[in-house]
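Its first residue numbered 1, the sequence shown is counted upward by one per residue in full-length UniProt numbering. What follows is a single structure, written as structure tokens, with notes after it.
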Amino acid sequence: MINKIGKITIYVNDQKEAKEFWTKKMNFVIKLEQPMGPNMTWLEVGPSEDEFTSFVIYERQLMLAQKPDANVSHPSIILSTDDIETTYNELKSKGINVGKLMIMPYGKMFNFADQDKNEYLVREDKY
């Protein structure tokens, strides 16, 4: 049976801009980057080398050229942190568009947008 979430594809307008956002602003590492053919690159990023799950950064127009009926809208993604205030302040200091830090009975969280205005949620998870 399935035992891990492997990869989540994020469709973007410009792969180079997305690479810059995830590696420079979010401090993610490049897990895999290799040519897939003319004008195409397979790009995976993740929070660290040790993290199994990664984002596949793929250009919307390339996917639509390959499969015109593909759903290239943005998935709902929740990222985890064990220190929400530090994470919030760090992203804000890097000029990332972050929403209000919400403190709810079930946890603390905030949203942010990437270079294409895709929204993500960051939630504090304490184990």
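Don't be surprised by glycine CBs; every beta carbon is placed ideally from N, CA and C. Treat the numbers as computed from the prediction; the structure is a model and nothing was measured.
Bridge-paired residues (DSSP) for residue i
i: L32; result: E44
i: V98; result: F112
Residues near residue i in its chain [Cβ-Cβ closer than 8 Å; skip 5 each side]
i: Y88; result: V98, L101, F110 and V122
Which of helix, strand or coil DSSP assigns to residue i
i: F21; result: helix
i: L121; result: strand
i: I77; result: coil
i: Y106; result: coil
Sub-9 Å separation of residue i and residue j beta-carbons
i: Y106; j: A113; result: no
i: K31; j: E44; result: yes
i: T9; j: F52; result: no
i: T41; j: E33; result: yes
Residues of its chain near residue i, where Cβ-Cβ distance is below 7 Å and the 5 sequence neighbours each way are ignored
i: R60; result: Y11, V12, N13 and V72
i: L91; result: V98 and F112
i: P47; result: F28
i: I78; result: L121 and R123
Option nearest residue i by Cα separation, candidates the options
i: K108; options: E124, N39 and A18; result: E124
i: F21; options: M104, I103 and K94; result: K94
i: residue 128; options: S80, P68 and K117; result: Limits of the chain in this structure are 1 at one end and 127 at the other, which puts residue 128 out of reach.
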